[in-house]
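Visitor: Structure in structure tokens, see below.
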Amino acid sequence: MAYKGGRSYLKDLRSLYVNIEESTNEQASISSVCGDKLEILLTPNEGPYTHAMFTLEVGFESLFLRFIQLAQHNLNLSG
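Going by the working numbering, the sequence shown runs without a break in its numbering and finishes at 815.
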């Protein structure tokens with residue numbers, strides 16, 4: 737039995753990957769997804785930082801650990 741939260745996470749990540757550029761007027765894009773890290777490039781179109789490039793790194797280590805704990809818990813309940 738697959739853990740629903742993990743499937744939702746992957747669907748949300750895919751949706752973000754597909755829609756991020758259009759929904760941010762091409763000011764953000766995903767540069768990489770690797771294990772427990774997501775890297776987003778930000779390039780503002782207006783303001784004092786116009787056309788600068790910023791890298792935002794989001795770590796999901798605690799989220800993945802929580803998925804594993806919940807999956808193990810669910811397996812123990814059903815098994």
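Cβ coordinates follow ideal geometry from the N, Cα and C atoms, glycine included.
1. Quick one: give me the first and last residue of the beta strand (DSSP E) that Glu775 is part of.
2. Could you check the C-alpha separation between Glu757 and Gln763 for me, to the nearest Å?
3. Between which two residues does the beta strand (DSSP E) containing Thr760 stretch?
4. Let me check one thing: in DSSP terms, what residues is Phe790 bridge-paired to?
5. Can you check whether the CB of Ile776 is closer than 9 Å to the CB of Thr786?
6. Quick one: residues in its chain with C-beta nearer than 8 Å to the C-beta of Leu749, no 5 flanking neighbours on either side, listed in chain order?
7. Just to confirm, is the Cβ distance from Leu778 to Met789 under 9 Å?
8. Exposed or buried, which one is Met737 when buried takes at least 16 other CB atoms within 10 Å?
Guide: Well, looking at it:
1. Here residue 775 refers to the residue found at position 39 of the sequence shown. Run containing Glu775: 773 to 778, per the beta strand (DSSP E) assignment.
2. For this step, residue 757 is matched to residue 21 along the sequence shown. For this step, residue 763 is matched to residue 27 along the sequence shown. If I take the Cα positions, the gap works out to 7 Å.
3. What you label residue 760 is simply residue 24 of the sequence shown in a count that begins at 1. Careful: Thr760 lies outside any beta strand (DSSP E) and carries neither H nor E.
4. Here the question's residue 790 lines up with position 54 in the sequence shown. For Phe790, which the question treats as bridged, DSSP gives the partners Leu778.
5. Locating residue 786 in the sequence shown gives position 50, where the first residue counts as 1. Locating residue 776 in the sequence shown gives position 40, where the first residue counts as 1. Their beta carbons are not under 9 Å apart, which means Thr786 does not touch Ile776 by this criterion.
6. For the purposes of this step, residue 749 is identified with residue 13 of the sequence shown, where counting begins at 1. For Leu749, where only same-chain residues beyond five positions count, the Cβ hits under 8 Å are Val769, Leu774.
7. Counted from its first residue, the sequence shown places residue 778 at position 42. Counted from its first residue, the sequence shown places residue 789 at position 53. Yes, the pair counts as a contact, with Cβ atoms nearer than the cut-off.
8. Within the sequence shown, residue 737 is the residue found at index 1, counting from 1. Legend: pLDDT at Met737 = 41, less than 50; position of this residue unreliable, value from coordinates given subsequently. When all chains shown are included, Met737 counts as exposed.
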